[in-house]
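This report concerns only the one structure given below.
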Amino acid sequence: MRLEDKVILITGSSTGIGEATAERCLAEGARVMIHGLDEAETAETAGRLSQPYMVADLALTESANTVIAKTIEYYGRIDGLVNNAASTARSDLSSTHPDFFDQMIAINLRTPLFMIQAAVPHMKAQGKGAVVNIGSVNAYCGHPNLLDYSISKGGLMTLTRNLANALAPDHIRVNQLNPGWTLSRNEIALQISEGQPEDWYNQVSPRLAPTGRLLEPSEIAAHVVHWLSDASAPASGVIYEVEQFPVIGRPGGGL
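Just so we're aligned: the sequence shown equals residues 1050 to 1304 in my numbering.
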């Protein structure tokens, strides 16, 4: 098993890609700390997976240190960190405002930075570690109604490359996955709330889903596990698109 006895902290792992990643890590022999924002949802997921959990609002400045500290308190170490939690709230140039922008940056960019800062001393003491940041294909440009989200994910790419360079001598790898459109429970609910029919995911344009379907959270999780494992070493600073088509260089545009 590729992650046997490794301790993996996954933010936003009560649902969606994070939950699927927790399941996949456990199947590979890891021990996992589940994190979420909603107490009932997080407790249910952790109970089903028989893993410890914590609830923390990552928009708060103290949360990064708290989440890492609780992981160390429970397990005594941390081998892998998956910065998955994110807000996908909509905005465009006419609707965004400073408070909204600050909130998006706090959750999607500031928190991953300070989660890594808090985890690195422990990884250094252990001799190595792996960080996987979950970005988005929107990081390269993004849809007009995902302005602040796209900015935050673009910043995350620079963070990934910068820290990969800085931490390489310590054998701490930092890589980023940019998933495409993924069929999570939250995405299904979001699209319906915006007026789409209940079976909207069966009607997606072939341009956006050339295989005839959207990506599944479990498929993203399979890639995350590879980048957490020693099988991907020593690669670091990699920005890795998990999409059904070339994001860059596609005739007529990637998205």
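Ideal placement from N, C-alpha and C gives every residue a C-beta, glycine not left out. Because the structure is a prediction, the values reported are computed rather than measured.
query: What do you get for His-1192, buried or exposed, if any count of 16 or more other CB atoms within 10 angstroms of its CB means buried?
result: exposed
- request: State buried or exposed for Asp-1141, treating a residue as buried only when at least 16 other CB atoms are found within 10 Å of its CB.
  value: Asp-1141 comes out exposed.
query: Are the stretch 1285–1292 and the stretch 1267–1274 touching by the rule of at least three beta carbon pairs closer than 8 Å?
result: yes
query: Where Gly-1067 and Pro-1300 are concerned, what is the direct C-alpha to C-alpha distance, given to the nearest angstrom?
result: 32 Å
- request: Sort Tyr-1123, Glu-1053, Leu-1086 by Cα distance to Asp-1106 and report the nearest one.
  value: Leu-1086
Whether Asn-1133 touches Thr-1207 by CB criterion (7 Å): no
- prompt: According to the Cβ coordinates, are Tyr-1198 and Thr-1137 closer than 7 Å?
  reply: yes
message: Restricting to Cα atoms, I'd like to know which of Glu-1265, Gly-1078, Ser-1254, Thr-1209 is closest to Glu-1236.
response: Glu-1265
query: Is the stretch 1207–1223 in contact with the stretch 1162–1172, if contact means three or more CB pairs nearer than 8 Å?
result: Segments in contact, yes.
- prompt: Alpha carbon to alpha carbon, how far is Leu-1196 from Arg-1139?
  reply: 8 Å
field: Rounded distance between the beta-carbons of Ile-1117 and Tyr-1102, thought under 8 Å
entry: Wrong, their Cβ atoms sit about 15 Å apart, outside the cutoff.
His-1146 burial status per 10 Å Cβ neighbour count (16 or more: buried): When all chains shown are included, His-1146 counts as exposed.
message: Runs of 3 residues minimum, wholly inside the stretch 1156–1221: which ones carry the beta strand (DSSP E) assignment?
response: Along the stretch 1156–1221, the beta strand (DSSP E) occurs as fully enclosed runs of 3 or more residues at 1178–1183, listed in sequence order.
- request: From the DSSP output, in three-state form, read off Ile-1269 for me.
  value: helix
query: Is DSSP giving Thr-1231 helix, strand or coil here?
result: strand
message: According to DSSP, simplified to helix, strand and coil, what is Gln-1245?
response: coil
task: Rounded to whole angstroms, what's the CA-CA distance from Cys-1074 to Gly-1184? Just pull it up for me.
output: 19 Å
Buried versus exposed, by CB contacts within 10 Å (16 or more), Leu-1257: exposed
- request: Give the single residue among Ser-1062, Ala-1069, Leu-1109 whose Cα lies nearest to the Cα of Ser-1092.
  value: Strictly speaking, residue 1092 in this sequence is Ala, with Ser absent from that position. Scanning Ser-1062, Ala-1069, Leu-1109 for the CA closest to the CA of Ala-1092 turns up Ser-1062.
Paired residues, beta bridge with Gln-1225 - DSSP: Asn-1182, Ile-1288
- prompt: Hey, quick one: how far does the alpha helix (DSSP H) through Ile-1117 stretch, first residue to last?
  reply: 1112–1124
- prompt: Quick one, which of Asn-1187, Leu-1226, Glu-1088, Ala-1174 has its alpha-carbon nearest Val-1273's?
  reply: Of the listed residues, the one whose Cα sits closest to Val-1273 is Leu-1226.
Endpoints, alpha helix (DSSP H) assigned at Met-1153: Boundaries of the alpha helix (DSSP H) harbouring Met-1153: 1147–1154, taken from the DSSP string.
- request: Could you tell me whether the Cβ atoms of Val-1311 and Trp-1276 are closer together than 7 Å?
  value: In this structure the chain extends from 1050 to 1304, so residue 1311 is not present and cannot be described.
message: Can you look up Ser-1063 in the DSSP assignment and give me helix, strand or coil?
response: coil
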